[in-house]
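Let me begin by presenting the structure, written as structure tokens, before commenting on it.
Protein chains: 2
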Amino acid sequence: MTSPPTAPTAPPRRGRPGHDQAAVLGTAIDLFIRQGYDATSMADLAAALGLSKSSLYHHVPSKERLLELALDEALGELTAVVEAATAEGAAGTSYERLRRVVEDGVRLLVDHQPAVTLLLRVHGNTDVERAALERRRWVDDRLADLVAAAVAEGALRADLDPGLVSRLLFGMVNSLVEWYDVDGPVDVDQLAAAVVATALDGLAVGAPRSAPG
Amino acid sequence: MTSPPTAPTAPPRRGRPGHDQAAVLGTAIDLFIRQGYDATSMADLAAALGLSKSSLYHHVPSKERLLELALDEALGELTAVVEAATAEGAAGTSYERLRRVVEDGVRLLVDHQPAVTLLLRVHGNTDVERAALERRRWVDDRLADLVAAAVAEGALRADLDPGLVSRLLFGMVNSLVEWYDVDGPVDVDQLAAAVVATALDGLAVGAPRSAPG
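First to last, the sequence lines map onto chains A and B. Letter 20 of the first sequence, counting from 1, is numbered 663 in the working numbering, and no numbers are missing. Letter 64 of the second sequence, counting from 1, is numbered 707 in the working numbering, and no numbers are missing.
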């Protein structure tokens, strides 16, 4: 297994760290999602926070640094989930680990919905975005390998290309960012169970309808 | 069945219609996708087309009108596919019609990938976007009804909420816009078959692995 690409070295942070930066980051992510990263200026962000532009620059050096922090949040979590499922000596069959990574992926997405939403909208327009896409590709490749291992085990149907199946499976997971409302009627356990039931029980050769473990 | 909401009455078009407007629209959609609708100006579009701004305004009255044309393209096709599958007297069981609408949805998405991509990124910031979201909601409601009818028929597992299943199913279809390459190794027939196999064969109670019709 190859090592995941790491985040580029962060520039030194200016201003007060901690809570303040987290609040700035949360508002920035919301604005980036709502009106697009390119269309959002530091002046827009300062106005949304009720800060002057110079106070805002006290917290963060640039708009790009905010994007980088948001993408790091999503990618750090994603990488950890995928590493746990694909590390040598991880418990269970490949199929069981695939089910777990789908469930954990759903939970991760719900817990970090704004940051993941932003990650999924990144298209490589800047160095920061291209670095994020490279880390995302590492995640996608590991997931495709896990699908292929579950096929080789005989647990998943072998008549479909594992790369294609992996994209469809995690495409379904990713699509949750567009509509899932954590305060809505479907709780995260029901959601994770529905995704596994919808996508995996269809792929499993003769699998029982309920999860094996 | 309720009637689909129709597009708002179009303002009269200025300039030469036909091929020229189609070319302008195609370039506009590409720019809107690449850099975001809000961040794209008519000056950007004129530059991308190698036109002066005044020549561009000869073709289209506004940036918003281009967005409306793009969304109409996607929504017109989507509405037609869903109407064909849900009209009174449509052939086949609800389950068969659901399979067909998934396959037709995949083909539609591939044939109109840029316009559908744009539609899926619309978040209701303007009247044009809100009208598009309303039409999209009509489509989503019809699809959820079709899933519910297939459950009632006994063809789909009944332990999951039909609205949730519909969102997951078409979330998988919609996620194709993010990665599918019509010039890549997977042709549209393989793609449609893989989506149906991945999502529906998992939902079908005791369904055979191959499509029933």
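The beta carbon of each residue, even a glycine, is placed where N, CA and C say it ideally should be. Keep in mind it's a predicted model, so treat the numbers as computed, not measured.
Exercise. Assess, as a yes-or-no matter, whether the segment 695-708 of chain B is touched by the segment 726-742 of chain B under the definition of 3 or more beta carbon pairs within less than 8 Å.
Key: no
Quiz item: Quick one, are the C-beta atoms of V838 of chain B and V745 of chain B less than 8 Å apart?
Solution: yes
Practice problem: Please compile the residues from chain A whose C-beta is within a distance smaller than 7 Å of the C-beta of S818 of chain B. | Solution: G814, M815, N817 and S818
Quiz prompt | C-beta contact flag for R779 of chain A and L718 of chain A at 8 Å | solution = yes
Exercise. Kindly list the residues whose CB is nearer than 6 Å to the CB of S684 of chain B, restricted to its own chain and excluding five residues on each side of it in sequence; keep chain order.
Key: none
Quiz item: Relative to chain B, which residues along the segment 750-779 of chain A have a C-beta separation below 9 Å, given in chain order?
Solution: L763, R764, H766 and N768
Quiz item: Are three or more beta carbon pairs between the segment 671-680 of chain A and the segment 668-682 of chain B nearer than 8 Å?
Solution: yes
Quiz item: With distances taken between CB atoms, is the gap from T841 of chain A to V782 of chain A smaller than 8 Å?
Solution: Cβ distance not < 8 Å, so T841 of chain A and V782 of chain A don't count as in contact.
Quiz item: Cβ atoms of A835 of chain B and V749 of chain B: under 8 Å apart, would you say?
Solution: In this structure, V749 of chain B lies near A835 of chain B, with their beta-carbon atoms less than 8 Å apart.
Quiz item: Of all Cβ atoms in chain B, is any one closer than 8 Å to the Cβ of V794 of chain A?
Solution: no
Quiz item: Applying the criterion that 16 or more other CB atoms from any shown protein chain within 10 Å of the CB defines a buried residue, is N768 of chain A buried or exposed?
Solution: exposed
Self-check item: Neighbour-count burial assignment, P828 of chain A, 16 or more Cβ in a 10 Å radius
Solution: Label assigned to P828 of chain A: exposed.
Practice problem: Flag this pair as yes or no: are the beta carbons of V753 of chain B and V831 of chain B separated by less than 8 Å? | Solution: yes
Quiz item: What does W822 of chain B reach in chain A if we use C-beta pairs closer than 7 Å?
Solution: R810
Quiz item: So L741 of chain B packs on V790 of chain B, CB below 8 Å; how close in whole Å?
Solution: 6 Å
Quiz item: Between Q756 of chain B and L751 of chain A, what straight-line distance do the alpha-carbon atoms span, to the nearest angstrom?
Solution: 29 Å
Exercise. Could you tell me if G735 of chain A is buried or exposed, where buried requires 16 or more neighbouring beta carbons within 10 angstroms of its beta carbon?
Key: exposed
Quiz item: Straight-line CA distance for L668 of chain A to F675 of chain B?
Solution: If you take the alpha carbons of L668 of chain A and F675 of chain B, they lie about 25 Å apart.
Practice problem: Spell out whether any CB of chain A is found under 8 Å from the CB atom of L807 of chain B. | Solution: Yes, because at least one Cβ of chain A sits closer than 8 Å to the Cβ of L807 of chain B.
Practice problem: Measure from the alpha carbon of E796 of chain A to the alpha carbon of each residue in A:Y738, A:L776 and A:G806, then state which is nearest. | Solution: A:Y738
Practice problem: Determine the burial state of A793 of chain B: buried for a count of at least 16 other Cβ atoms within 10 Å of its Cβ, exposed for fewer. | Solution: buried
Quiz prompt | Alpha carbon of V808 of chain A to alpha carbon of A787 of chain A, nearest angstrom | solution = 8 Å
Exercise. Output, in sequence order along the chain, the residues in the segment 833-844 of chain B whose CB is closer than 9 Å to any CB in chain A.
Key: So the list reads Q833, L834, A836, A837, V838, A840, T841, A842, L843 and D844, given in the order they occur along the chain.
Quiz prompt | Which listed residue (A:D802, A:D663, A:L688 and A:D824) has its alpha carbon closest to that of E707 of chain A | solution = A:L688
Quiz item: Using a C-beta to C-beta distance shorter than 7 Å, which residues of chain B count as neighbours of D681 of chain A?
Solution: Correct list: Q678, G679 and A682.
Quiz item: Shortest alpha-carbon distance to A727 of chain A belongs to which of A:P647, A:A775 and A:D826?
Solution: A:P647
Self-check item: Whole-angstrom distance between D673 of chain B and M815 of chain A, CA atom to CA atom
Solution: 24 Å
Quiz prompt | 8 Å Cβ cut-off: residues of chain A touching V829 of chain B | solution = D804 and L807
Exercise. To the nearest angstrom, report how far apart R657 of chain A and L761 of chain B are at their CA atoms.
Key: Summary for R657 of chain A: the model assigns pLDDT 47, below 50, so the residue's position carries little reliability; its value from the coordinates is reported in the next sentence. Cα to Cα, the separation comes out at about 37 Å.
Exercise. Out of B:G806, B:L799, B:Q833 and B:W822, point me to the one whose CA is closest to D802 of chain A's CA.
Key: Here the closest residue by C-alpha is B:Q833.
Quiz item: Would the beta-carbon of S818 of chain A fall within 8 Å of that of S818 of chain B?
Solution: yes
Quiz item: What's the call for A798 of chain B, buried or exposed, on a 16-neighbour Cβ count within 10 Å?
Solution: buried
Self-check item: Run of the alpha helix (DSSP H) containing P647 of chain B, from where it starts to where it stops
Solution: Unbroken run through P647 of chain B: none, as it is neither H nor E.
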